Amino acid sequence: MSPGIRAKEGESFESLIRRFKKQCEKAGILSEIRKREHYEKPSVRLKKKSIAARKRALKKRFF
35 MSPGIRAKEG ESFESLIRRF KKQCEKAGIL SEIRKREHYE KPSVRLKKKS
85 IAARKRALKK RFF
């Protein structure tokens with residue numbers, strides 16, 4: 035679901051944009067756009083996922 039913003043009475047444009055950006059960030063839209071910007075083969079995606087899991091495990095183990 036895409037974020038929808040309705041202007042409140044007397045609300046400035048800057049605060050409207052700020053609320054919209056916050057909702058987009060919460061919904062994960064920007065990260066999804068960056069992820070889908072270029073096609074990634076499933077094997078590359080799996081490789082990145084396993085590398086990230088290894089990094090998380092090492093971080094959890096030592097910190």
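Counting in the numbering used here, the sequence shown runs from 35 upward without gaps. Cβ coordinates follow ideal geometry from the N, Cα and C atoms, glycine included. From a predicted model like this one, the values you see are computed outputs, not experimental measurements.
**Item:** Continuous alpha helix (DSSP H) stretch holding Ile39: start and end
**Value:** Taking the first residue of the sequence shown as position 1, residue 39 is located at position 5. For Ile39, there is no enclosing alpha helix (DSSP H), as DSSP gives it neither H nor E.
**Asked** Would you say Pro37 and Ile67 are within 9 Å of each other, going by their C-beta atoms?
**Response** The sequence position of residue 37 within the sequence shown is 3, counting from 1. The sequence position of residue 67 within the sequence shown is 33, counting from 1. When the beta-carbon positions are compared, Pro37 and Ile67 stay at least 9 Å from each other.
**Item:** Spatial distance of Lys55 from Ile85 (CA atoms)
**Value:** Numbered from 1 along the sequence shown, position 21 holds the residue referred to as residue 55. Numbered from 1 along the sequence shown, position 51 holds the residue referred to as residue 85. Counting only the Cα atoms, Ile85 lies some 30 Å from Lys55.
**Item:** For Ala61 and Ile50, believed in contact at Cβ under 8 Å, the rounded distance
**Value:** Here residue 50 refers to the residue found at position 16 when the sequence shown is read from its first residue. Here residue 61 refers to the residue found at position 27 when the sequence shown is read from its first residue. First, the amino acid is wrong: residue 50 is Leu here, not Ile. The distance from the Cβ of Leu50 to that of Ala61 is about 17 Å, inconsistent with a contact at the 8 Å cut-off.
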